[in-house]
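**Student:** Next up is a structure, given as structure tokens.
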Amino acid sequence: MAAILSLHDAVKQFVHDGDSVALEGFTHLIPTAAGHEIIRQGKRDLTLVRMTPDLIYDQLIGAGCARKLIFSWGGNPGVGSLHRLRDAVEKQWPHAIEIEEHSHADLANAYVAGASGLPFAVLRAYAGSDLPKVNPLIKSVTCPFTGEVLAAVPSVRPDVTVIHAQKADRKGNVLLWGILGVQKEAALAAKRCIVTVEEIVDDLQAPMNACVLPTWALSAVCLVPGGAHPSYAHGYYERDNRFYQAWDPIARNRESFTAWIDTYIRGTTDFTEFKRKLEAAQ
Amino acid sequence: MSYSTSEMMTVAAARRLRNGAVCFVGIGLPSKAANLARLTSSPDVVLIYESGPIGAKPSVLPLSIGDGELAETADTVVPTGEIFRYWLQGGRIDVGFLGAAQVDRFGNINTTVVGDYHAPKTRLPGAGGAPEIAGSAKQVLIILKQSPRAFVDKLDFITSVGHGEGGDSRKRLGLPGEGPVGIITDLCIMEPEAGTHEFVVTSIHPGVTREQIVAATGWAIRFADDVQVTAEPSETELAALRDLEARTAAAHGQSAGEA
Numbered sequence: 007m008a009a010i011l012s013l014h015d016a017v018k019q020f021v022h023d024g025d026s027v028a029l030e031g032f033t034h035l036i037p038t039a040a041g042h043e044i045i046r047q048g049k050r051d052l053t054l055v056r057m058t059p060d061l062i063y064d065q066l067i068g069a070g071c072a073r074k075l076i077f078s079w080g081g082n083p084g085v086g087s088l089h090r091l092r093d094a095v096e097k098q099w100p101h102a103i104e105i106e107e108h109s110h111a112d113l114a115n116a117y118v119a120g121a122s123g124l125p126f127a128v129l130r131a132y133a134g135s136d137l138p139k140v141n142p143l144i145k146s147v148t149c150p151f152t153g154e155v156l157a158a159v160p161s162v163r164p165d166v167t168v169i170h171a172q173k174a175d176r177k178g179n180v181l182l183w184g185i186l187g188v189q190k191e192a193a194l195a196a197k198r199c200i201v202t203v204e205e206i207v208d209d210l211q212a213p214m215n216a217c218v219l220p221t222w223a224l225s226a227v228c229l230v231p232g233g234a235h236p237s238y239a240h241g242y243y244e245r246d247n248r249f250y251q252a253w254d255p256i257a258r259n260r261e262s263f264t265a266w267i268d269t270y271i272r273g274t275t276d277f278t279e280f281k282r283k284l285e286a287a288q
Numbered sequence: 003m004s005y006s007t008s009e010m011m012t013v014a015a016a017r018r019l020r021n022g023a024v025c026f027v028g029i030g031l032p033s034k035a036a037n038l039a040r041l042t043s044s045p046d047v048v049l050i051y052e053s054g055p056i057g058a059k060p061s062v063l064p065l066s067i068g069d070g071e072l073a074e075t076a077d078t079v080v081p082t083g084e085i086f087r088y089w090l091q092g093g094r095i096d097v098g099f100l101g102a103a104q105v106d107r108f109g110n111i112n113t114t115v116v117g118d119y120h121a122p123k124t125r126l127p128g129a130g131g132a133p134e135i136a137g138s139a140k141q142v143l144i145i146l147k148q149s150p151r152a153f154v155d156k157l158d159f160i161t162s163v164g165h166g167e168g169g170d171s172r173k174r175l176g177l178p179g180e181g182p183v184g185i186i187t188d189l190c191i192m193e194p195e196a197g198t199h200e201f202v203v204t205s206i207h208p209g210v211t212r213e214q215i216v217a218a219t220g221w222a223i224r225f226a227d228d229v230q231v232t233a234e235p236s237e238t239e240l241a242a243l244r245d246l247e248a249r250t251a252a253a254h255g256q257s258a259g260e261a
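If you're matching them up, the sequences are chains H and G in order. Under my numbering, think of the first position of the first sequence as 7, with each following residue one higher. Under my numbering, think of the first position of the second sequence as 3, with each following residue one higher.
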């Protein structure tokens, strides 16, 4: 059964230094508030996993939380580069970061394999690409039936997955809809799973076949309205495109980035205060 | 009606999508061209985005690959894993429509690094869905602005394979798809030459000179024996493109961008 906890307590209880952590979200329902809380609590040496690391991973990396990044596309969608990720890769600031790079098809399959309890995923991929040359974990396997050589990649099984969803009920069953990305697979692939939600209701009123994560498959559910900002929560609020643009100059140099983290993340006690401070500055 | 080179590029790319084709669309320029095709010559083109929407019909261009508009206008929205497993690897994509940071003469694509991988001069966003789109889509179209920095003699990194080292090298890799069949730029259209699979110029946009194309290409670009002049954008095409861009800017407070 998932415990209904404050985000502070959930991160404190379930995210440990050195853990592999997947904060998933495919441009929708990105668990920003949880990422902020990880920075606030000064978690270290994390292996961060995500298909599409964007602003919250830029913040975690720039704040020194990450030792390694497993990913398949890293950028600020519609804007450009992740400057903190680039600074870490290109100039080892604030410290060196190890990169383990895949393609989307690979990581999506690797999450499916992780959720399926399998050690690896098999897919038709990478022929002619240089990625296997720089990622020794991308190997091949020969089909025992046809002889076809296919790509084999290790499954992703994070210590902790964190996702954001629209609704939970009071028992901690979670409903999400819209663009689902790999959140269900990431949640089920992980040893522990924290879900932040827009609201907690008496009855989910989930349509048949809807994406519902049962409470007994989760560790904690936390009420954090707006917790996916600046991404969007379908049916609740739109993507804050201006924040994505505003992030570019903030992240571009170390001083302005550190000042932003000190003011807005380390200088606030929780996401509610963060939102208030951000609104006051706009 | 006067038009910009970017508009010519988008229109020329849109024309390449036949009506009814199932198209796996990258964000940025491919998404713009694919939606223009849907709004003009190919109303029944099926647009699939890697985030999960199948049959998306957005009225404004998405800023990200997973904008809500894509989900709301789609025939169905499936998990991202399913997109790659059932729809792409399953062999149901007619055209993969890709952008690139760099491309070489065989249509191989780099979106990973400039310089050495382990000590990069420029770290680019990475592969995303492109390697498997390039491998499994029945055909691939590439759209990007032409410059010597983008059209390079040798890629620092092959993220997504085109025709490999040319000749029959793609065939030897055993990939299901035919590979890139066109590169559409702001200056011209290139297509692979029979046999060598080297991209040569087959159509030049109106007003562009061969010298401009040579100067904007990092390898010794060749021209087909029979080079066409690309038809100018029609008023219908331009009006549809400008309306789309205006709606996008009004909805997002910014243009959709080309990255």
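Backbone N, C-alpha and C fix where the C-beta goes; we use that ideal spot for every residue, glycine too.
1) Per DSSP, which one or two residues make a beta bridge with residue 243/H?
2) Does the CB of residue 191/H have a neighbour CB from chain G at under 8 Å?
3) Which runs of the beta strand (DSSP E) spanning at least 3 residues fall entirely within the region 189 to 273 of chain H, listed in chain order?
4) Let me confirm a value: residue 22/G is counted as buried when at least 16 other C-beta atoms fall within 10 Å, else exposed. Which label applies?
5) Could you spell out where the alpha helix (DSSP H) holding residue 34/H opens and where it closes?
6) Assuming contact is defined by CB atoms lying nearer than 8 Å, are residue 135/H and residue 130/G in contact in what I supplied?
7) Please classify residue 205/H as buried or exposed, where buried requires at least 16 neighbouring CB atoms within 10 angstroms.
8) Among 163/G, 66/G, 150/G, 119/G, which one has its Cα closest to the Cα of residue 111/G?
9) Taking CB distances under 8 Å as the criterion, tell me whether residue 63/H reaches chain G.
10) Three-state secondary structure (DSSP) at residue 83/G?
11) Touching or not, the region 102 to 121 of chain G and the region 164 to 172 of chain G, by the rule of three or more beta carbon pairs under 8 Å?
12) Report yes if the C-beta distance between residue 29/H and residue 41/H is below 8 Å; otherwise report no.
13) On a CA-only basis, which of 188/H, 103/H, 91/H, 133/H is nearest residue 3/H? Give me that one, please.
14) Quick one: using the 10 Å Cβ neighbour count with 16 as the cut-off for buried, is residue 166/H buried or exposed?
15) Which whole-angstrom value describes the C-beta separation of residue 61/H and residue 236/H, a residue pair presumed to lie in contact below a C-beta threshold of 8 Å?
16) Give every residue of the same chain whose Cβ lies closer than 7 Å to the Cβ of residue 46/G, excluding the five residues on either side of it in the sequence, and list them in chain order.
17) To the nearest angstrom, how far is the alpha carbon of residue 21/H from that of residue 139/H?
18) If the criterion is Cβ atoms closer than 8 Å, does the pair residue 154/G and residue 100/G meet it?
19) Is residue 129/H helix, strand or coil by DSSP?
20) Do residue 97/G and residue 139/G have their C-beta atoms within less than 8 Å of each other?
21) CB-CB under 7 Å to residue 180/G, same chain, minus the five flanking residues each way: which ones, in chain order?
22) Any idea which residues DSSP pairs residue 302/G with across the strands?
23) Quick check: the Cα distance between residue 160/G and residue 114/G, rounded to an integer number of angstroms?
24) Near residue 123/G, what residues of its chain come up, given a Cβ to Cβ distance below 8 Å and the 5 sequence neighbours on each side ignored?
25) Less than 8 Å between the CB atoms is what I'm expecting for residue 64/G and residue 81/H, so what's the real figure, rounded?
26) What are the residues that DSSP puts in a beta bridge with residue 25/G?
27) I'd like the span of the alpha helix (DSSP H) that includes residue 17/H, first residue to last.
28) Which residue spans inside the region 123 to 179 of chain H form an unbroken beta strand (DSSP E) run of at least 3?
29) Who are the Cβ neighbours of residue 39/G in its own chain at under 7 Å, not counting the five residues just before and after it?
30) Under 8 Å, Cβ to Cβ, is there at least one residue of chain H near residue 199/G?
31) Quick check: what's the CA-CA separation for residue 225/H versus residue 36/H?
32) Counting only the same chain and skipping the five closest in sequence on each side, list residues whose C-beta sits under 7 Å from that of residue 126/H.
**Tutor:** Quick look at the numbers:
1) Beta-bridge annotation (DSSP): residue 243/H is paired with 239/H.
2) Closer than 8 Å to some Cβ of chain G, the Cβ of residue 191/H qualifies, so yes.
3) Listed in chain order, the complete beta strand (DSSP E) runs (minimum 3 residues) inside the region 189 to 273 of chain H are 198 to 207, 217 to 219, 226 to 229.
4) It is exposed - the Cβ of residue 22/G has fewer than 16 other Cβ atoms within 10 Å.
5) First-last for residue 34/H: undefined, no H or E at that position.
6) For residue 135/H and residue 130/G, no; Cβs fall outside 8 Å.
7) Exposed, because fewer than 16 other Cβ atoms sit within 10 Å of the Cβ of residue 205/H.
8) When only C-alpha atoms are compared, the closest one is 163/G.
9) Output row for residue 63/H: interface = no.
10) Looking at residue 83/G - three-state DSSP - the assignment turns out to be helix.
11) With the cut-off at 8 Å, the region 102 to 121 of chain G and the region 164 to 172 of chain G touch.
12) Result yes, Cβ atoms of residue 29/H and residue 41/H sit closer than 8 Å.
13) With chain H represented from 7 up to 288, any question about residue 3/H goes unanswered, as that position is not in the structure.
14) That one is buried.
15) Sure, about 7 Å apart at Cβ, within 8 Å.
16) Once the five neighbours on either side are set aside, the close Cβ partners of residue 46/G are 21, 22.
17) For the pair residue 21/H and residue 139/H, the Cα-to-Cα distance works out to about 33 Å.
18) For residue 154/G and residue 100/G, no; Cβs fall outside 8 Å.
19) The answer is strand: DSSP assigns residue 129/H an E or B state.
20) A contact, by the Cβ cut-off of 8 Å.
21) The answer, listed in chain order, is 140, 141.
22) Look at the range of chain G in this structure, 3 to 261, and you will see that residue 302/G is not part of it.
23) Computed Cα separation, rounded: 8 Å.
24) So the qualifying residues of the chain are 115, 116, 117.
25) Cβ atoms of residue 64/G and residue 81/H stay farther apart than 8 Å, at about 14 Å.
26) Its beta-bridge partners are 49/G, 97/G.
27) 13 to 20 is the extent of the alpha helix (DSSP H) around residue 17/H.
28) If we require 3 residues or more, the beta strand (DSSP E) runs fully inside the region 123 to 179 of chain H come out as 126 to 129, 145 to 148, 155 to 160, 166 to 175.
29) Excluding five sequence positions before and after residue 39/G, the CB atoms of its chain that fall closer than 7 Å to its own CB belong to 16, 19, 47, given in chain order.
30) No, its Cβ sits nowhere closer than 8 Å to a Cβ of chain H.
31) Looking at the backbone, the Cα of residue 225/H and that of residue 36/H are separated by about 18 Å.
32) Excluding sequence neighbours, residue 126/H sits near 119, 158, 159, 160, 161.
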